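With UniProt numbering applied, the sequence shown corresponds to residues 1 to 566, in that order.
Heads up, the thing below is written out as structure tokens.
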Amino acid sequence: MRLTRTSDLWWKNAVVYCLDVETYQDGNGDGIGDFAGLTQRIDHLVRLGVTCVWLMPFYPTRERDDGYDITDFYGVDPRLGTLGDFTEFVRTARDRGIRVIADLVVNHTSEEHPWFKDARSGRDSTHRDWYVWKDQPPPDGPQGVVFPDAEDSLWEYDKGSGQYYLHRFYKQQPDLNVTHPEVRDEITRIMGFWTELGLSGFRVDAVPFLLETDGQSDAKELPDPHEYLADLRAFLGRRNGESVLLGEVNLPYDATARFFGDPSSDRGDELTMCFDFIAMQRMYLSMARHDARPLAAALRERPEPPRDAHWATFVRNHDELTLDKLSDDERAEVFASFGPDKDMQLYDRGLRRRLPPMVDGDRRRVELAYSLLFTLPGTPVLFYGEELGMGENLAAQGRQAVRTPMQWTPQKAAGFSTADPATFPNPLVDGAFSPQKINVYEQSRDPASLLSRMRLFIERYRETPELAWGDYRLLTTGQDAVLAHVCRAGDGTVLAVHNFADRPHTVRLELTDAEPGGRMTDLLDEAHTGLKADEDGMFHVDLPPYGYRWLRVGTPADDPESIVPR
1 MRLTRTSDLW
11 WKNAVVYCLD
21 VETYQDGNGD
31 GIGDFAGLTQ
41 RIDHLVRLGV
51 TCVWLMPFYP
61 TRERDDGYDI
71 TDFYGVDPRL
81 GTLGDFTEFV
91 RTARDRGIRV
101 IADLVVNHTS
111 EEHPWFKDAR
121 SGRDSTHRDW
131 YVWKDQPPPD
141 GPQGVVFPDA
151 EDSLWEYDKG
161 SGQYYLHRFY
171 KQQPDLNVTH
181 PEVRDEITRI
191 MGFWTELGLS
201 GFRVDAVPFL
211 LETDGQSDAK
221 ELPDPHEYLA
231 DLRAFLGRRN
241 GESVLLGEVN
251 LPYDATARFF
261 GDPSSDRGDE
271 LTMCFDFIAM
281 QRMYLSMARH
291 DARPLAAALR
301 ERPEPPRDAH
311 WATFVRNHDE
321 LTLDKLSDDE
331 RAEVFASFGP
341 DKDMQLYDRG
351 LRRRLPPMVD
361 GDRRRVELAY
371 SLLFTLPGTP
381 VLFYGEELGM
391 GENLAAQGRQ
401 AVRTPMQWTP
411 QKAAGFSTAD
421 PATFPNPLVD
431 GAFSPQKINV
441 YEQSRDPASL
451 LSRMRLFIER
461 YRETPELAWG
471 DYRLLTTGQD
481 AVLAHVCRAG
491 DGTVLAVHNF
501 ADRPHTVRLE
511 LTDAEPGGRM
521 TDLLDEAHTG
531 LKADEDGMFH
541 VDLPPYGYRW
551 LRVGTPADDP
561 ESIVPR
């Protein structure tokens with residue numbers, strides 16, 4: 001049995017920060033972000049409190065899918081720098097106490113990848129079986145297509161070889177045949193290569209598609225895909241015991257939980273973490289309704305992960321804000337509240353917007369969402385610019401609306417580059433959320449800014465082990481608009497209370513481990529005198545509209561080892 005050191009579980013209370021190198025900071029003045037520029041900005045991440053950077057694809061690409069159409073899994077796109085620049089960034093980040101993970105995109109390649117060029121050169125070519133081919137495709141039509149605005153089938157005819165190849169994404173991204181032993185060996189080599197260069201793991205792109213075998217005629221004869229995922233986890237553990245696999249698994253809870261590992265075991269042996277897409281979508285439904293019950297229901301339904309696994313929580317990711325797990329009526333409610341214009345929606349399942357414009361810049365509602373991010377059980381994941389309250393630019397195509405250049409200063413080019421903004425990968429945000437209004441320089445100097453509040457959230461989250469390591473329980477509040485939960489670890493208990501309504505609420509809460517006369521202290525407001533239990537051991541918590549409180553009951557354990565599971 002593999003023994004897990006507590007140092008290997010760094011991800012249990014990590015703060016993960018996702019960024020795209022090409023839109024973060026330009027270091028050489030050509031208008032495109034690069035690793036040299038990212039390294040120059042590392043201290044911003046240190047001051048924010050980030051402990052792990054997740055890099056979106058930085059590999060050589062034809063730029064048909066924002067870097068996800070990869071032509072070489074062992075290199076750095078020349079626009080972004082060199083392997084030396086990459087390793088310098090990883091080394092600098094590690095010196096600052098920040099680990100680095102990167103996207104692992106191995107469910108498909110670019111059609112310009114040498115493997116596919118060889119595969120389509122003839123049916124007897126070396127790499128032919130590295131992809132999935134059929135003489136005649138199934139009559140599936142557009143069913144299962146990831147990008148229905150651009151593709152109407154999973155299969156594309158290749159004139160050169162006279163067969164159809166499988167592509168669940170764009171036709172320029174042929175799917176790899178992950179059941180082929182040589183493909184599996186190549187994937188482990190890719191992981192081993194980047195681990196040797198300093199990565200602490202990978203965010204695994206589109207995991208269900210990676211393991212899908214339905215497009216293959218001998219699917220029933222193929223090895224169990226979950227065994228393969230366990231093999232990848234074991235390989236990574238042998239290379240570096242602290243490494244993680246963070247999985248993009250947007251499925252119902254019971255299906256997602258299977259990707260942690262064998263449900264009959266209490267130890268996770270597949271993905272280290274899975275994104276909690278269900279709770280994220282229900283949070284937006286709760287915000288639209290001013291009603292905490294949809295989110296509370298999701299938290300009650302959510303399975304407990306194994307000991308060596310964790311949920312990852314987020315307010316939005318780098319794609320469209322997917323709402324596909326809501327019902328049609330529920331999704332229509334969220335659209336009506338936060339994205340009523342058709343141009344704000346994408347694929348009829350999500351929004352290509354960031355949160356602040358969705359709530360018309362209401363700072364209270366923005367803070368409410370991020371207070372939830374850092375108090376709900378799971379590892380918090382931020383998308384770059386969220387710490388500032390950046391907006392989107394709907395003039396950009398599709399998902400690019402939320403992948404605009406980072407806003408460092410109020411200058412015309414936002415401090416992102418010295419080049420003409422017309423040369424930037426995506427256009428800058430304009431209007432109320434432009435760099436002139438939203439930027440790091442000014443918010444860093446304003447103790448009342450959103451950036452200052454986010455720094456406080458992260459600092460208190462890192463100081464409060466109960467939030468990361470503890471068991472949690474929802475409390476009865478008597479108010480539909482109010483969500484309250486406690487997290488317990490060792491001798492410590494923390495209470496978090498959130499009001500989704502646009503009017504104040506007072507809730508009366510009972511904590512079974514609070515004695516009459518006990519006290520609670522406010523973790524976010526040092527000036528607050530705290531709360532005292534009444535003679536029945538009940539606490540009365542006052543909340544303003546969209547208000548929230550982080551309250552400690554008693555004192556934390558003196559011995560940190562008593563908080564961390566062994």
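For every residue, glycine included, the Cβ atom is placed at its ideal position computed from N, Cα and C.
Fair warning: this is a prediction, and the values are worked out from it, not measured in the lab.
Could you tell me which of Val507, Thr512 and Gly537 sits nearest to Arg549, measuring between CA atoms? As a working note, residue 549 is residue 549 in the sequence shown. Closest option to Arg549, Cα to Cα, is Val507.
Same chain only: Cβ atoms within 8 Å of Lys318, ignoring 5 sequence neighbours per side: As a first step, residue 318 is located in the sequence shown; it is residue number 318 there, counting from the start. Checking the sequence, you will find His at residue 318 rather than Lys. Only Cys18, Asp20, Met56, Phe383, Arg399, Val402 and Arg403 meet the Cβ criterion.
Using a Cβ distance threshold of 8 Å, determine whether the segment 159-178 contacts the segment 40-54, with at least three qualifying pairs required. no
Can you tell which of Leu326, Asn13, Pro544 and Thr418 has its C-alpha closest to the C-alpha of Pro294? The sequence position of residue 294 within the sequence shown is 294, counting from 1. Here the closest residue by C-alpha is Leu326.
Round the Cβ separation of His310 and Gly378 to the nearest angstrom and send it over; I've been treating them as touching at under 8 Å. Translated into positions along the sequence shown, residue 310 becomes position 310. Translated into positions along the sequence shown, residue 378 becomes position 378. Sure, about 6 Å apart at Cβ, within 8 Å.
Under the DSSP definition of a beta bridge, which residues are partnered with Thr506? Taking the first residue of the sequence shown as position 1, residue 506 is located at position 506. Note: Thr506 sits in a beta bridge opposite Asp542.
Which partner residues does Pro380 have in the DSSP bridge list? Indexing the sequence shown from 1 puts residue 380 at position 380. DSSP lists Thr313 as partners of Pro380.
Cβ-based burial, Val46 [other Cβ within 10 Å; buried from 16]: For the purposes of this step, residue 46 is identified with residue 46 of the sequence shown, where counting begins at 1. Val46 is exposed by the Cβ-count criterion.
Work out the CA separation of Tyr253 and Glu301 for me, nearest whole Å. In the sequence shown, residue 301 corresponds to position 301, counting from 1. In the sequence shown, residue 253 corresponds to position 253, counting from 1. Cα to Cα, Glu301 sits roughly 8 Å from Tyr253.
Quick check on DSSP: helix, strand or coil for His44? Mapped onto the sequence shown, residue 44 falls at position 44. The answer is helix: DSSP assigns His44 an H, G or I state.
Flag this pair as touching only if the segment 460-473 and the segment 485-493 have three or more C-beta atom pairs under 8 Å; answer yes or no. yes
Across the segment 413-421 and the segment 387-396, are there enough close Cβ pairs to call them in contact, namely three or more that are closer than 8 Å? no
Let me know the alpha helix (DSSP H) ranges lying completely inside the segment 290-365, each 4 residues or longer, listed in chain order. 293-301, 328-338 and 355-358
Presumed contact (8 Å Cβ cut-off) between Met280 and Val244, rounded CB distance: Looking up residue 280 in the sequence shown gives position 280. Looking up residue 244 in the sequence shown gives position 244. So it is not a contact: roughly 20 Å between Cβ atoms.
Determine the extent of the alpha helix (DSSP H) in which Arg203 is found, giving its start and end residues. Within the sequence shown, the letter at position 203 stands for residue 203. First-last for Arg203: Gly201 to Val204, but that is the beta strand (DSSP E), not the alpha helix (DSSP H).
Determine the closest residue to Lys134 out of Phe147, Asp430, Glu156 and Asp34, with distance taken between C-alpha atoms. Position 134 of the sequence shown, counted from the start, is the residue given in the question as residue 134. Residue nearest to Lys134 within the set Phe147, Asp430, Glu156 and Asp34 is Glu156 (criterion: CA-CA distance).
Could you please give the first and the last residue of the uninterrupted beta strand (DSSP E) stretch that includes Phe209? Translated into the one-based positions of the sequence shown, residue 209 becomes position 209. Segment Val207 to Leu210 is the alpha helix (DSSP H) holding Phe209; no beta strand (DSSP E) there.
Restricting to Cα atoms, I'd like to know which of Gln443, Gln407, Leu229 and Arg460 is closest to Ser434. Numbered from its first residue, the sequence shown carries residue 434 at position 434. Just measuring C-alpha positions, the residue of Gln443, Gln407, Leu229 and Arg460 sitting nearest Ser434 is Gln407.
Straight-line gap, Phe457 to Ser121 (C-alpha atoms, nearest Å): The count along the sequence shown starts at 1 and reaches residue 457 at position 457. The count along the sequence shown starts at 1 and reaches residue 121 at position 121. In a straight line, the C-alpha of Phe457 is about 55 Å away from that of Ser121.
Quick check on Glu320: buried or exposed, where buried means 16 or more other Cβ atoms within 10 Å of its Cβ? Here the question's residue 320 lines up with position 320 in the sequence shown. Counting Cβ neighbours within 10 Å, Glu320 comes out buried, since at least 16 surround it.
Do the CB positions of Ser110 and Thr71 come within less than 7 Å of each other? To locate residue 110, count along the sequence shown from 1; it is residue 110. To locate residue 71, count along the sequence shown from 1; it is residue 71. In contact: Ser110 and Thr71 (Cβ atoms closer than 7 Å).
Assess contact between the segment 227-241 and the segment 137-152, defined as three or more Cβ pairs (one per stretch) separated by less than 8 Å. Is contact present? no
With DSSP run on the structure shown, which of helix, strand or coil describes Phe275? Translated into positions along the sequence shown, residue 275 becomes position 275. Three-state result, Phe275: strand.
Rounded C-alpha distance that separates Ser286 from Leu483: Position 286 of the sequence shown, counted from the start, is the residue given in the question as residue 286. Position 483 of the sequence shown, counted from the start, is the residue given in the question as residue 483. Their Cα atoms are separated by approximately 10 Å.
Cβ shell of Gln173 (< 6 Å), same chain only, five flanking positions each side left out: Position 173 of the sequence shown, counted from the start, is the residue given in the question as residue 173. Result list for Gln173: Asp69, His108 and His167, in chain order.
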